[in-house]
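Mature numbering (1 follows the signal peptide of the UniProt record, and there is no 0) puts the sequence shown at residues -29 to -1, 1 to 239.
Glycine is no exception: its CB is placed at the ideal position from the N, C-alpha and C atoms.
The block underneath contains the structure these notes are about, expressed in C-alpha cells.
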Amino acid sequence: MRRSRLVVLVSSLLLAVGTALTGAATAQASSLAATGGYVALGDSYSSGVGAGSYISSSGDCKRSTKAYPYLWAAANSPSTFAFTACSGARTGDVLANQLTPLSASTALVSISVGGNDAGFADVMTTCVTQSDSACVSRINTARAYVDSTLPGKLDGVYSAIRTKAPAARVVVLGYPRFYKLGATCLGLSETKRKAINDASDHLNTAIAKRAANHGFAFGDVRSTFTGHEICSGDSWLHSVSWLNIGESYHPKAPGQSGGYLPVLNSND
C-alpha cells in the first residue's frame, strides 16, 4: 500500500513538474513572439503562390494572406512582421532584395529557397512536355547542380541572415514530394513521378545539411503533405494549370495552412 501511494505521489509530482515546464515553454514562446520581430524570406513556396488572396501591393511577388508566414504572424502577433518572400526568388534575389528588415531585434526568420536555383520550373516543363528519358536527364542535371553549386549559394544566404539577425531563431523550410506513387492518375508517367519525388528528396537533403551546419532548424514538410500529394485524391498541390501556369506545382491554401504552418509552429 505504501509503495502504491509512493508511486502515485511521485507520478503526481512528475506530472506537475511536466505541466510547469510545458507552461514555461509556452510562455517563453509567446513572449518571444510578442517581443521579437518575425521576418519571412524566400521563394514562391513562402510567398504563397497557388494559395490565392494575394496582397495587391506585393505585385509579381504574389504574397498571399493564406501563406504560412502571414498565418503565423496573425496567430502570434510578433512585435514586427516583414514579409519579403517573393515568387521566383533564387538565393541571389534573397541576398539582394529581401534581407533589409533583419536586425538584432529579429527573433524569428523563416525561409525556403533553392528550388529555383536548381531549375525547378525548367525541370517541370521538361517533364510535362517531353519524354521520360528527357525528364530524367534534366533532373540529373539539376541533381548535379544541387551537389556542386547550391551548397555554396545556400551558405552565402544563411551566413548573411546570421550576420544581420544574430539572435534570431532561423527555420529553413523544405519542399514536399509532389506525387503519390502507385496510384491511377492521369498525367505524367510513373517513371517521371518517381524521378521528380526523388529529386525533391535530394534537394531537401542538401538544404537540411547546410541549415544544420549553420545551426538552423530544418522544417521538413514531407510528412505533413503525405496523403495530400498530386494523385492522392486530396491534393494540397496544384498539378499543371494551363489557365494559370504560374500556380502549377505549388501548394494550395490547405497546403500552406496544413502542410507548412504546422512545421513552422513545431520549429519556431
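The beta carbon of Lys180 lies closer than 8 Å to those of Pro122 in the same chain, with the five residues before and after it left out. Under the DSSP assignment, Leu144 falls outside any alpha helix (DSSP H), being part of the beta strand (DSSP E) whose first and last residues are Arg140 to Leu144.
Taking 8 Å as the cut-off, the Cβ atoms of Ile167 and Ile216 do not count as close. In this chain, the beta strand (DSSP E) harbouring Ser83 covers Thr77 to Ser83. A distance below 8 Å between beta-carbons, with the five flanking residues on each side excluded, links Ser24 to the following residues of its chain, in chain order: Ser35, Thr36, Lys37 and Ala224. Annotation note: the stretch 43 to 75 contains the following uninterrupted beta strand (DSSP E) runs of length 3 or greater, listed N- to C-terminal: 51 to 54. Residue nearest to Lys124 within the set Leu66, Met95 and Arg133 is Leu66 (criterion: CA-CA distance). Between Cys156 and Cys202, the C-beta spacing is below 8 Å. Annotation: the continuous beta strand (DSSP E) that includes Tyr9 extends over Gly8 to Gly13.
Counting C-beta pairs closer than 8 Å gives three or more between the stretch 187 to 202 and the stretch 128 to 147, which meets the contact rule. Per DSSP, reduced to three states, the secondary structure at Gly230 is helical.
By the criterion of a C-beta distance shorter than 6 Å, Ser219 is surrounded in its chain by His209, Val211 and Ser212, once the five residues flanking it on both sides are discounted. Apart from sequence neighbours up to five positions away, no residue of its chain approaches Gly158 with a beta-carbon distance below 6 Å.
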